[in-house]
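For the protein sequence lines, the chains are A and B, in the order given.
Throughout the first sequence, residue numbering follows this note's numbering, covering 4 to 163 in sequence.
Throughout the second sequence, residue numbering follows this note's numbering, covering 3 to 291 in sequence.
Read the structure below first, then the notes.
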Amino acid sequence: MSIDLTFIAQIVIFILMVRVLWKLLYAPLNDAMEARNQKIEKGLAAAEAGVEAKAKAESLIAAQLAEAKTKALEIISAAEKRAVEVNEEAINKSRREAEQILDSAREEVLSELEHARQSLRQEIAGIAMLAAEKVIEAELDATRHAKMIESIVHEGLGAA
Amino acid sequence: MAEQEQSGGIAEHLQYWSYKFDDSNPFMQIHLDTMILTLMIALGLICFAAWLRGKLVEGAPTGVQNFMESVIDFINQTVKDNFPVHNPMIAPLAMTIFIFILLCNSLDILPSYLMHHIAGSVGLETFRQVPTNDLNLPVAMALSVFILVLYYEFKLKPVHFMKELLLQPFAALLLDSKNPLVKVLGVILIPLNLTLKLVEEFAKPLSLSFRLFGNMFAGEVIFLLIASLLLTNSINDLASAGGIVTEVAGILVGLGWSLFHMFIGLLQAFIFMILTVVYLSIAHQPVEH
Chain A
4 MSIDLTFIAQ IVIFILMVRV LWKLLYAPLN DAMEARNQKI EKGLAAAEAG VEAKAKAESL
64 IAAQLAEAKT KALEIISAAE KRAVEVNEEA INKSRREAEQ ILDSAREEVL SELEHARQSL
124 RQEIAGIAML AAEKVIEAEL DATRHAKMIE SIVHEGLGAA
Chain B
3 MAEQEQSGGI AEHLQYWSYK FDDSNPFMQI HLDTMILTLM IALGLICFAA WLRGKLVEGA
63 PTGVQNFMES VIDFINQTVK DNFPVHNPMI APLAMTIFIF ILLCNSLDIL PSYLMHHIAG
123 SVGLETFRQV PTNDLNLPVA MALSVFILVL YYEFKLKPVH FMKELLLQPF AALLLDSKNP
183 LVKVLGVILI PLNLTLKLVE EFAKPLSLSF RLFGNMFAGE VIFLLIASLL LTNSINDLAS
243 AGGIVTEVAG ILVGLGWSLF HMFIGLLQAF IFMILTVVYL SIAHQPVEH
C-alpha cells in the first residue's frame, strides 16, 4: 500500500483517457444530443408558429366571412331592389304598349268604320240611284238629280 | 493459531502482483495487476466509444446510445448545476472520472478468492482485481484534478489566489488595520496563513483519493473476512448440517455484501465526480469585490 511508479503510469493513463474519451465518446454523443435538441426546439417553434398562424388565419377567415356576408346581404338587397325596379319598369312598359296597341286598334277601328261608312254610303247611293232610276227612269235626269239624291242619302245616313 | 492463519490469508490476498525495478527503492516498482486492469478498462472504453461513434443516429436513440445519452445528460446537468461559467473540458473530465471509477469499482463483483485462485492457476502468487483498491490510482486521479484546480486558480484569478494563499484567514490584520503594529503582525502571520492554506488545499486531493481508496479497500477486506470466516472455515465440514448452514449463510452474506458494495462503488464514483466538479467550480468562481 505505497505510492510507486504505478502512480505516474496511472496519471498518464487518466490524462490520455480524458483526451481520447472526450473526442471519441463525449463530443459525438453531445453533438448528437445538441443537434436533436435543436431539431426539437425548431419543431416546437414551428409548431407554435403554426398554431399562431392558424389562429391568425382563422380570425382572418372569420373577418372575411363576416365581410362577405355583409357584402352578400348588400348585394341581395340591391338585387331585390333592382328586381322590383325592373318589374315595375316591365309592368309600366307593358301598360304603355298595351295602351298604344289599344289606341292604334281604336284608330284602326274608326278608320275601318269610316271606310265602311263611305263604301256603304256609296253603295246605298248607287242602290238608291238604281231604285230611283227604276221608279222614275224616264223622268229623272241622272246627272241633274244625282247631287240632290246624294245629299238626301247623306242626311239620311247622318241621322242614322 | 487459526486466527493467525486467517489474517495471514487475508493479507496474502491484499498483496499486489508487482514488478520491482529496484529492490532497495520501494517507489521503483509497478503494480502489474492494477496496470493490466486499468489498461484493459481504458482500451475497452476506447473500443466501445469508437464502436458507438459509428452507430450514432440523429433520430430517436435506442439501446446503448440511449443509455449513454442518459449518462451524458446526467453529467451535463450536474456540471451545469454546479458551474458558474462554461468550460468545455469539465463535462468530459467528469464523464471520464465517473465511468472509469465505476467500471473499476464494478470489478469488485468478482469474488477476491476466485480471482486469486484463477491467478494462482496461471502461476501468479497474488492478483488484486479492483484497481481503485490500489492507492496509486485514486491518488493519481485526485492529484491530476488538484493540478487542474491550481492551474485554473492561477489562470483565472492569480492575484486573488495569491492573496488567499498568503493572507487568509488573517487578511484583515494587514489590509484593513491602520495600526502599523497590527500590520507588522499581519506580515509576521503570512507563513502561518500559507501553512493553513496549503493544508486546506492539500486536504482536497487527499480526502478525494483516500475516500475512494478507503471505501473500496474496506469493502474488499470485509468481503475477505466474510469469506474466510464463513466459507473457507466450513468448507471441510460440508458433510455436517452445521457446515452446510454456515456455508449457505456465508454465500448469502457474501452475496448481500457484494451487492451493497456495488452500490458503494457507484456512490463513490459519483462522489469523486461531483467533488471534482465542485473543486473546479470553486476555482472558476468570479472574485467578489
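Note that beta-carbon positions come from the ideal geometry of N, C-alpha and C, so glycine has one too.
For A/LEU32, the neighbours in chain B by C-beta distance under 8 angstroms run, in chain order, LEU54, LEU58, GLN67, MET70, GLU71 and ILE74. In its chain, beyond the 5 residues on either side, PRO207, LEU210 and SER211 have a beta carbon closer than 6 angstroms to the beta carbon of B/ALA144. Beta bridge pairing from DSSP links B/GLN31 with B/LYS22. About 5 angstroms separates the beta carbons of B/PHE129 and B/TRP19, which is inside the 8 angstroms limit, making them a contact pair.
Judged by DSSP secondary structure, B/HIS88 falls outside any alpha helix (DSSP H); it is assigned neither H nor E.
Within 8 angstroms of the CB of B/ILE92, no CB atom of chain A is found; the nearest one sits about 11 angstroms away. Collapsing the DSSP output to three states places A/GLN67 in a helix. Within chain B, the residues whose beta carbon sits less than 8 angstroms from that of A/LEU24 are LEU47, ILE48, ALA51, PRO94, MET97, THR98 and ILE101, listed in sequence order.
Listed in chain order, the non-local C-beta contacts of B/LEU58 below 8 angstroms within the same chain comprise GLN67, local neighbours out to five positions each way being set aside. The Cβ neighbour count for B/ALA96, taken over all protein chains shown within 10 Å, is at least 16; the residue is labelled buried. Of all alpha-carbon atoms in B/LYS82, B/GLU202, B/ASP24 and B/ASN138, the one lying nearest the alpha-carbon of A/VAL15 is that of B/ASN138. For B/ALA205, no Cβ of chain A is located within less than 8 angstroms of the residue's own Cβ. Here the region 186 to 203 of chain B makes no contact with the region 99 to 116 of chain B; the two share fewer than three CB pairs at distances below 8 angstroms.
About 5 angstroms separates the Cβ atoms of B/LEU191 and B/PHE172, confirming a contact at the 8 angstroms cut-off.
In the structure shown, the three-state DSSP call for B/GLY65 is helix. Close partners of B/GLN31 in chain A (Cβ separation under 7 angstroms): ASP7 and LEU8. Only those residues of the region 62 to 89 of chain A whose C-beta falls short of 7 angstroms from the nearest C-beta of chain B would be listed, and there are none. Among the residues facing chain B, A/LEU47 is not included, as its CB has no counterpart in that chain under 8 angstroms away.
Under the 8 angstroms Cβ criterion, the region 246 to 262 of chain B counts as touching the region 220 to 228 of chain B, having at least three qualifying pairs. Bounds of the alpha helix (DSSP H) holding B/LEU194 are 192 to 228. B/THR40 reaches chain A at GLN13 and ILE16, counting residues in chain order whose Cβ is nearer than 7 angstroms. Close CB contacts of B/LYS180 within its chain, under the 6 angstroms cut and outside five residues either way in sequence, are absent. When the Cα atoms are used, B/PRO90 and A/ALA12 turn out to be separated by approximately 26 angstroms. For the region 134 to 153 of chain B, residues whose beta-carbon sits nearer than 8 angstroms to a beta-carbon of chain A comprise ASP136, LEU137, ASN138, LEU139, VAL141, ALA142, MET143, LEU145 and SER146. With contacts defined as CB atoms closer than 8 angstroms, B/ALA62 and A/LEU28 fail to qualify as a contacting pair. Against chain A, the beta carbon of B/THR36 has neighbours under 8 angstroms at THR9 and GLN13, listed in chain order. Burial state of B/PRO86 is exposed, judged by a 10 Å Cβ sphere holding fewer than 16 other Cβ atoms. Using a 10 angstroms sphere on the CB of B/THR36, the tally of other CB atoms reaches 16 or more, which defines it as buried.
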